[in-house]
Amino acid sequence: MLRKHLALALAALTAVACLALSAGCSSHGSTQGAKSDASGKVAVVASFYPMYDFAQKIGGDRVDVTCLVPAGTEPHDWEPSTADMKAIAGARVLVYSGAGMEHWVDDVTGAVGNKDLVTVEASQGVDLLPAAEDGDKGEADHDHGQYDPHVWLSPANAKVEMANIRDALIEVDPAGQRTYEENYEKYAGMLDDLDQKYAEKLAGTASKDIVVSHQAFGYLCDRYGLTQVPIEGIEADSEPDARTMAKIVDFVKEHGTKTIFSEELVSPKAAQAISDETGAALEVLNPLEGLTDEQIAAGEDYFSVMESNLDKLVRALS
5 MLRKHLALAL
15 AALTAVACLA
25 LSAGCSSHGS
35 TQGAKSDASG
45 KVAVVASFYP
55 MYDFAQKIGG
65 DRVDVTCLVP
75 AGTEPHDWEP
85 STADMKAIAG
95 ARVLVYSGAG
105 MEHWVDDVTG
115 AVGNKDLVTV
125 EASQGVDLLP
135 AAEDGDKGEA
145 DHDHGQYDPH
155 VWLSPANAKV
165 EMANIRDALI
175 EVDPAGQRTY
185 EENYEKYAGM
195 LDDLDQKYAE
205 KLAGTASKDI
215 VVSHQAFGYL
225 CDRYGLTQVP
235 IEGIEADSEP
245 DARTMAKIVD
255 FVKEHGTKTI
265 FSEELVSPKA
275 AQAISDETGA
285 ALEVLNPLEG
295 LTDEQIAAGE
305 DYFSVMESNL
315 DKLVRALS
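Per the numbering used here, the sequence shown starts with residue 5, numbered consecutively.
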């Protein structure tokens with residue numbers, strides 16, 4: 005399905021490009037697709053929310069960042085439209101997390117024809133965790149490959165991602181090096197503080213098991229000595245079978261689990277069913293794959309959501 009969608013989008017993009025060339029037009033008339041805006045800012049395209057937030061924090065006033073995945077949209081199965089590919093074709097920097105999260109990157113970057121585009125796989129340098137195997141099939145998630153892609157949920161990994169973004173921005177905009185380095189140092193310090201707060205508060209909890217709606221919290225759990233019990237797999241919209249549901253219900257009852265964690269961008273149906281069956285509370289734990297329009301309007305960001313997640317984890321596990 006993705007290949008078919010991309011093929012159609014690529015055909016449309018090629019047609020638009022040919023028309024623009026024959027008319028002698030340039031891409032600089034479009035704010036979204038331009039390599040710099042009217043004030044000379046670096047045009048950055050980010051794959052989904054955490055990459056957008058990190059790029060904006062490091063780039064500050066020197067960048068104009070566009071987020072490809074719209075607010076409130078679950079990014080796992082998102083596919084770029086022709087307009088998205090035109091934005092990439094006209095950008096100076098493309099920031100994506102990698103580790104299999106953005107399954108469309110190779111197809112798109114190989115086709116847009118932007119020789120000046122600097123691509124940043126922000127997870128480069130992170131020690132990747134293997135994707136958990138499907139108990140029935142004995143195979144890793146076929147859409148996301150062999151690794152768990154949710155690296156940003158560990159503040160230590162987020163620090164690596166910000167550093168990679170910093171280096172790419174310095175490469176394309178050397179005049180802004182001091183700005184990018186100062187911004188990085190500011191947020192790296194905040195990430196160190198967040199990491200320490202997570203470590204201290206989670207070290208003393210009575211329970212170390214979290215039941216979550218989708219298998220997004222592996223890096224967070226690995227960092228702080230927790231174990232996630234996922235209702236669904238790496239794919240946020242996968243459907244658990246009856247056997248899986250029964251096993252999790254048994255786990256919740258046997259371990260006295262107080263809270264089942266769902267999330268905002270996917271259906272809470274399975275998590276709600278387990279909550280109803282066991283009497284455990286239902287709470288939202290945000291994997292930061294995207295914020296809603298309301299959250300963005302309220303000024304929420306990576307740090308505020310991670311702080312909220314920590315509070316919920318401590319209450320659930322104490």
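Note that the Cβ used here is the ideal one computed from N, Cα and C, for glycine as well. In this text, all values refer to a predicted model and were calculated from it rather than measured experimentally.
- For the set Gln276, Gly104, Lys316, Val49, the Cα lying nearest the Cα of Val253 is the one of Gln276.
- When secondary structure is reduced to three states using DSSP, Phe265 falls in the strand class.
- For Glu236, the enclosing beta strand (DSSP E) covers residues 231 to 236.
- Where Asp68 is concerned, the enclosing beta strand (DSSP E) starts and stops at 67 to 71.
- Judged by their CB atoms, Val124 and Asn161 are not nearer to each other than the 7 Å cut-off.
- At a Cβ-Cβ threshold of 7 Å, Val216 and Phe265 count as neighbours.
- Distance between Tyr223 and Glu165, taken at the CA atoms: about 14 Å.
- Only buried fits Arg96, as 16 or more other CB atoms lie within 10 angstroms of its CB.
- Here Ser242 carries a coil assignment [DSSP, helix/strand/coil].
- Counting along the chain, the unbroken alpha helix (DSSP H) around Asp315 starts and ends at 306 to 321.
- Here Pro134 is bridged, per DSSP, to Tyr151.
- Leaving aside the five residues that flank Asp226 on each side, the residues in its chain whose CB is nearer than 8 Å to its CB run, in chain order, Leu133, Ser158.
- Taking Tyr202 as reference, the option from Thr77, Leu321, Glu268, Asp81 with the minimal CA-CA separation is Leu321.
- Look at Thr296 here: in three-state DSSP terms it is coil, with no helix or strand label.
- Linking Glu83 to Gln60 through their CA atoms gives a straight-line distance of about 23 Å.
- For Ala50, DSSP records a beta bridge to Cys71, Val99.
- Residue pairing by DSSP places Glu83 opposite no residue, since no beta bridge is assigned to it.
- By the C-beta density criterion, Glu204 is exposed, having fewer than 16 other C-beta atoms within 10 angstroms.
- For Glu258, there are no CB contacts under 8 Å within the same chain when 5 residues up- and downstream are skipped.
- When only Cα atoms are considered, His154 and Gly44 end up about 33 Å apart.
- Ala285 has its alpha-carbon roughly 35 Å from the corresponding atom of Tyr100.
- Asp152 sits close to Ala135, with the two beta carbons spaced by under 7 Å.
- In the three-state DSSP reduction, Thr282 falls in the helix class (H, G or I).
- The beta carbon of Ile169 sits closer than 7 Å to those of Phe58, Ala59, Ile62, Val99, Val124, Ala126, all from its chain and outside the five residues before and after it, given in chain order.
- Within the model, the alpha-carbon separation for Thr183 versus Glu175 is close to 13 Å.
- Thr70 places its beta carbon less than 7 Å from that of Ala91.
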